[in-house]
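**Student:**
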Amino acid sequence: MHLPRTAAAATTALIIIILTAAVDILVITASPNQQLPNFTAVIIFGDSTVDTGNNNYLPDAVFRADHRPYGENFPTGQPTGRFSDGKLLPDFFASILGIKQLVPPFLHPNLSDSDIRTGVSFASAGTGYDDLTATIAQAISMDEQVEMFEEYVARLRRVVGDDAAKETVHGALVAVSAGANDFVDNYYDLMTRRLEFDLSGYQDFLLSKVQNLVKVRT
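Structure (structure tokens):
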């Protein structure tokens, strides 16, 4: 990739600031004098920053974390599909909140009813808010992640019933982490979208995608 240093730093820093700020909030809230938020589950959408293994189950995915050095500091010492040598932020969210230790990928073939009750990740490495980004990486698009979420809700209803499922979803911590791949793949590297938009225009285009995602989710 040939993303200019300033642009790469800006997009990466944005994600890091947002996600680390969320962790800081949870840690501060977990202080002895304060009670943790009572979230029912952890539900994750996004890219490699929060993909806990879905790409392992995509045979054509360009990006996979099923080999070393990924997972070297994971409890099992083995790669899990997480793009990290250990846990990812969704796992820390779930652990700090006392929900569970690890957030599994939705595509895991042995996903248990307990995992369904406490949340999963729909994220896919290489994806973005722009559908073209997911196509380039053969990843799960954000629209497809929303469809997977609907499948998740349907199974949740079968497991706990309609009323409890509604309470679980409404009380869940929902996190979305994406956007960097859109700029890297479609604006600075392949420059596909630069033929259609200036930088401000592409930012507006992506923001409209985010707004649509939130509307569908709510």
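For the record, in the sequence shown the residue sitting at position 211 is 211 according to UniProt numbering, with numbers rising by one throughout.
Yeah, the Cβ is synthetic: ideal placement off N, Cα and C, and Gly gets one too.
The model shown is predicted, which means the values in this text are computed figures rather than measured ones.
(1) Give the straight-line distance between the Cα atoms of I136 and D185, rounded to the nearest whole angstrom.
(2) Any idea which residues DSSP pairs P105 with across the strands?
(3) Cβ of G119 within 8 Å of Cβ of V176?
(4) Find out if the Cβ-Cβ distance for the pair I44, S124 is shorter than 8 Å.
(5) Among residues of its own chain, excluding the 5 on either side of Q138, which ones have a beta-carbon nearer than 8 Å to its beta-carbon?
(6) Rounded to whole angstroms, what's the CA-CA distance from P104 to L111? Just pull it up for me.
(7) Can you find the residues in the same chain that come closer than 6 Å, C-beta to C-beta, to V174, ignoring five residues on each side of it along the sequence?
(8) Cα separation between D51 and L195?
(9) Pick out whichever of N55, D115, D85 and F205 has its Cα sitting closest to the Cα of R155.
(10) Hey, out of A178, V153 and A180, whose CA is closest to E167's CA?
(11) Determine the direct distance from the alpha carbon of G53 to that of M142, and round the result to whole angstroms.
(12) Let me know the secondary structure DSSP gives Q208 once reduced to three states.
(13) Report all residues from its chain with a CB closer than 6 Å to the CB of T6; omit the five preceding and five following residues, and keep chain order.
(14) Checking 8 Å against the spacing of the C-beta atoms, do D47 and G98 come in under that value?
(15) Please give me, in chain order, every unbroken run of the alpha helix (DSSP H) with length at least 4 that falls completely inside the region 167-194.
(16) So, for L199: in the same chain, excluding its five sequence neighbours on each side, which residues have a beta-carbon less than 7 Å away from its beta-carbon?
(17) Taking the continuous beta strand (DSSP E) assigned at I43, which residues delimit it?
(18) If you draw a straight line from the C-alpha of F215 to the C-alpha of T133, how long is it?
(19) Can you tell me the Cα-Cα spacing of D85 and S95, whole angstroms?
(20) State yes or no: is the C-beta of R117 within less than 8 Å of the C-beta of V169?
(21) Does the beta-carbon of G81 have 16 or more other beta-carbons within 10 angstroms, so that it is buried, or is it exposed?
**Tutor:** Checking against the coordinates, here is how it stands:
(1) 8 Å
(2) S121
(3) no
(4) no
(5) L58, D60, A61, V62 and G126
(6) 8 Å
(7) I43
(8) 30 Å
(9) D115
(10) V153
(11) 16 Å
(12) The question names Gln, but residue 208 is Ser in the sequence shown. Three-state DSSP puts S208 in a helix.
(13) With a pLDDT of only 35 at T6, under the threshold of 50, the placement of this residue in the model should not be trusted, and no figure is reported.
(14) no
(15) 180-183
(16) none
(17) V42 to G46
(18) Reading the sequence as shown, one finds Lys at residue 215 and not Phe. About 21 Å.
(19) 18 Å
(20) no
(21) buried
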